[in-house]
Amino acid sequence: MSADVDPDRTPRTTPEILRALVAFDTTSDRPTASIIDWIEDHLATSGVRCSRSHGPEDGKWNLHAIIGPDRAGGIAFSGHVDCVTVAGQDWTSDPFTLREESGRLYGRGSADMKGFVAAMLAAVPDFQTIATQAPIHLFFTFDEEVTCDGARHLMTDVQARDRLPSVCIVGEPTMLQPVIAHKGRLAARLTFRGRSAHSSTPDGGVNAIHAMGRAIVAIENSAARFATAGRRAEGFKPPYTTTQAGLASGGQVLNIVPERATLEIEWRTVPGDDAHAELTALLEELAPVDAAMRHAHPECGIDHEVMCDLPPLALPETYALTDLIRQVTGANRTGHVSYGTEAGIYQRAGVPTIVCGPGDIAQAHKPDEWIARSQLDACDAFLRTVATRACCAGGLPA
1 MSADVDPDRT PRTTPEILRA LVAFDTTSDR PTASIIDWIE DHLATSGVRC SRSHGPEDGK
61 WNLHAIIGPD RAGGIAFSGH VDCVTVAGQD WTSDPFTLRE ESGRLYGRGS ADMKGFVAAM
121 LAAVPDFQTI ATQAPIHLFF TFDEEVTCDG ARHLMTDVQA RDRLPSVCIV GEPTMLQPVI
181 AHKGRLAARL TFRGRSAHSS TPDGGVNAIH AMGRAIVAIE NSAARFATAG RRAEGFKPPY
241 TTTQAGLASG GQVLNIVPER ATLEIEWRTV PGDDAHAELT ALLEELAPVD AAMRHAHPEC
301 GIDHEVMCDL PPLALPETYA LTDLIRQVTG ANRTGHVSYG TEAGIYQRAG VPTIVCGPGD
361 IAQAHKPDEW IARSQLDACD AFLRTVATRA CCAGGLPA
């Protein structure tokens, strides 16, 4: 933690808590144990019950707190505690020391999304007064910025303990406007195993880059198919599934037939399209290439691995949660976004979920990331109003 965070003083307001949270470097390649310890200790000062869950990596922890009745049902507020790296970014101040200037709070993760996490924690005393008839769940997750596996492990744990909430709000930065749909994302890595030879006698080798080129053409053709004849989902930009080859590498020197190449690809699917089916179709199209490589030499061929699997989100316009959030925010309409969140994972686990949180996604991941204090103030009011409405008798859908 930064030296200016006093561990003997318990922060209570959202900006005070945000200062403490930003001081933890929770870049996604680092453990989250320290910040989860801090959050759990903070909740303990209010007597809040917590349960931890984790993934296969050491030091990667989720936290689930329940306020009010210790049971399933009620409403959940969810925020991830990891953030993207600051490496290679030109910050004008220490990214892990919160700085306020002209109504803006600067720091890594301030917008995405420690601002919402801070507001969740600041609301706990009021939540304890509100949550008499139905529970309020608080989710704190790891690795949202890379795989969203934290949310998957959390849902497995919550389901095993029979503590699924009835609905959930993921507080990604939307300027407190309700987002009811986002695209899914499937990322995969293809590895092409060839056989080296001198380029003057290429018949003695198997060119991995040539095989990779066939895959790139197939992906390009698939992207064109989506754009011209794919499923349309109005509200998204673009309103169809997209795919691309984003990273490619291979070879050592020009006069050697490359024995290895790798290609990273992604699909961003509109609700209703199946990215796994698209990956299967791509592998089937490449099957003759794979077979030819293996025929040339048994050690050659094409392998694949899924790197990220994020399901799409689609909450009906007519759903009670949509109506509740629209009423509380005063929004005339709901939004669709092309980036992914943990909301699709919660929805797949059986929890209807909406995305609505403070700050602007345009500020996320950038140097001098910031969130407006006015947005945090509005989020404070939003959380308390939503919790009050959701926890009253008949306030939540069955």
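Position 203 of the sequence shown, counting from 1, maps to 203 under UniProt numbering, and the rest follow consecutively. C-beta: ideal position from N, C-alpha, C; glycine also.
Evaluate residue i with the Cβ neighbour count: other Cβ atoms within 10 Å of its Cβ, from every protein chain shown; 16 or more gives buried, anything less gives exposed.
i      : result
Glu305 : exposed
Pro178 : buried
Val386 : buried
Glu208 : For the record, residue 208 in the displayed sequence is Ala; it is not Glu. By the 10 Å Cβ count, Ala208 comes out buried.
His295 : exposed
Leu254 : exposed
Pro15  : buried
Thr10  : exposed
Thr156 : exposed
Ala20  : buried
Ala398 : Residue confidence for Ala398 is low, a pLDDT of 47 falling below 50, so the modelled location carries little weight; the figure read from the coordinates is stated next. With fewer than 16 other Cβ atoms within 10 Å, it is exposed.
Thr129 : exposed
Ser200 : exposed
Thr258 : Residue identity check: residue 258 is Pro in the sequence provided, not Thr. Answer is buried; the Cβ neighbour count reaches 16.
Val158 : buried
Arg185 : buried
Ala275 : buried
Ala372 : buried
Gly250 : buried
Ala364 : buried
Gly230 : buried
Thr318 : exposed
Is residue j closer than 8 Å to residue i when the C-beta atoms are compared?
i      : j      : result
Ala187 : Leu263 : no
Asp323 : Pro173 : no
Arg108 : Glu369 : yes
Phe236 : Lys183 : yes
Gly103 : Ser374 : yes
Thr228 : Asp273 : no
Gly32  : Lys60  : It should be noted that the sequence gives Thr, not Gly, for residue 32. Their beta carbons are under 8 Å apart, which means Thr32 touches Lys60 by this criterion.
Val86  : Pro95  : yes
Thr329 : Leu176 : yes
Ala349 : Leu105 : no
Gly68  : Thr132 : yes
Ser338 : Ile256 : no
Restricting to Cα atoms, I'd like to know which of the options is closest to residue i.
i           : options                        : result
Arg268      : Val351, Met293, Gly107, Pro238 : Pro238
Cys168      : Gln252, Pro31, Gly68, Phe77    : Phe77
Asp70       : Leu18, Leu138, Asp94, His54    : Leu138
Ala287      : Asp303, Glu299, Ala277, Pro258 : Asp303
Val217      : Thr228, Ala233, Ile265, Ser199 : Ile265
Cys50       : Pro56, Ile39, Glu57            : Ile39
Val22       : Arg30, Ile35, Gly250, Ser28    : Ile35
Ala347      : Ala292, Thr129, Thr228, Ala151 : What sits at residue 347 in the sequence shown is Gln, not Ala. Of the listed residues, the one whose Cα sits closest to Gln347 is Ala151.
His153      : Trp91, Leu98, Arg52, Met113    : Arg52
Ile325      : Glu284, Ala381, Ala233, Tyr339 : Ala381
Ala314      : Leu283, Asn332, Val351, Thr97  : Val351
Arg12       : Lys60, Ser46, Ala111           : Ser46
Leu376      : Asp112, Asp41, Ser28, Ala65    : Asp112
His42       : Arg30, Ala65, His54, Thr26     : Ala65
Arg99       : Glu317, Leu18, Pro125, Ala224  : Leu18
Asp25       : Gly68, Ala292, Ser110          : Ser110
Gly340      : Leu105, Ile354, Val206, Arg333 : Ile354
Glu234      : Ala372, Ala181, Gly251         : Ala181
residue 399 : Arg185, Ile75, Pro316          : Nothing about residue 399 can be read from this structure; the chain reaches only from 1 to 398.
His198      : Gly335, Arg231, Met293, Gln252 : Gln252
Arg30       : His54, Ala44, Asp58, Val48     : Asp58
Val170      : Ala291, Leu321, Ala44, Ala223  : Leu321
Ile219      : Ala160, Glu284, His365         : Glu284
Which whole-angstrom value describes the C-beta separation of residue i and residue j, a residue pair presumed to lie in contact below a C-beta threshold of 8 Å?
i      : j      : result
Ala123 : Gly73  : Their Cβ separation, rounded to whole angstroms, is 19 Å, which puts Ala123 and Gly73 out of contact at 8 Å.
Glu145 : Asp82  : 5 Å
Asn221 : Phe142 : Not confirmed; about 37 Å, so no contact.
Gly344 : Leu310 : 6 Å
Ile136 : Cys391 : 7 Å
Pro312 : Pro367 : That pair is no contact at about 30 Å.
Arg193 : Arg260 : 6 Å
Cys300 : Val206 : 5 Å
Gly55  : Asp149 : 5 Å
Does the beta carbon of residue i sit closer than 8 Å to a beta carbon anywhere in chain C?
i      : result
Arg268 : The question asks about chain C, but that chain is absent: this structure has only one protein chain.
So is the beta-carbon of residue i under 7 Å away from any non-hydrogen atom of the ligand SAH?
i      : result
Arg326 : Absence of the ligand SAH is noted for the structure shown, with no ligands found whatsoever.
Is it a yes or a no for the segment 240 to 248 touching the segment 197 to 216, going by three-plus beta-carbon pairs under 8 Å?
yes
Just checking, does the segment 113 to 127 make contact with the segment 270 to 290 on the three C-beta pairs under 8 Å criterion?
no
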